[in-house]
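Working notes, structure below.
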Amino acid sequence: MNPMNPMNRTTSAPLRAGPLAALLVALLLASATLRAAPAPWFKWRSKVDGSTSCSQWPLGPGWERAGGPYRDSRCEKPMLAK
15 MNPMNPMNRT TSAPLRAGPL AALLVALLLA SATLRAAPAP WFKWRSKVDG
65 STSCSQWPLG PGWERAGGPY RDSRCEKPML AK
């Protein structure tokens, strides 16, 4: 047996952690996804001409928030407060 042959080496400790480690990782990932929610939509008003737009993110320095949060991209369905 050649000790430098990779086929003769034993597996490292992290690979032998077993099903308990896999279960813990799966539970951690599942709990993170359960808390995820889509970003709310807001109505934005232009400071230049007063036109409105609906967006999840600020449109820039020339816009101010005019309403929200909303659940839909048309800013029609208000989001319930938690």
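For what it's worth, my numbering labels the leading residue of the sequence shown as 15, then goes sequentially. Don't be surprised by glycine CBs; every beta carbon is placed ideally from N, CA and C.
Practice prompt. Tell me whether W58 is buried or exposed, calling it buried when 16 or more other Cβ atoms sit within 10 Å of its Cβ.
Written response: As a first step, residue 58 must be located in the sequence shown, where it is residue number 44. It is buried - the Cβ of W58 has at least 16 other Cβ atoms within 10 Å.
query: Can you list, in chain order, the residues of its chain whose CB lies under 8 angstroms from that of P83, leaving out five sequence neighbours each side?
result: Position 69 of the sequence shown holds residue 83. Closer than 8 angstroms at Cβ, skipping near neighbours: P54, W55, F56, P92 and M93.
Given this structure, state the Cα-to-Cα distance separating D86 from S45, to the nearest angstrom.
As a first step, residue 86 must be located in the sequence shown, where it is residue number 72. As a first step, residue 45 must be located in the sequence shown, where it is residue number 31. Looking at the two C-alpha atoms, the distance is approximately 25 angstroms.
Check your understanding: Sorted by chain position, which residues of the same chain lie with C-beta nearer than 7 angstroms to T66's C-beta, five sequence neighbours on each side aside?
Key -> Here residue 66 is taken as the residue at index 52 of the sequence shown, counted from 1. K57, W58, R59 and A80.
*asked:* Distance check for P52 and G64, CA to CA, integer angstroms please.
replied: Position 50 of the sequence shown, counted from the first residue, corresponds to residue 64. Position 38 of the sequence shown, counted from the first residue, corresponds to residue 52. About 28 angstroms.
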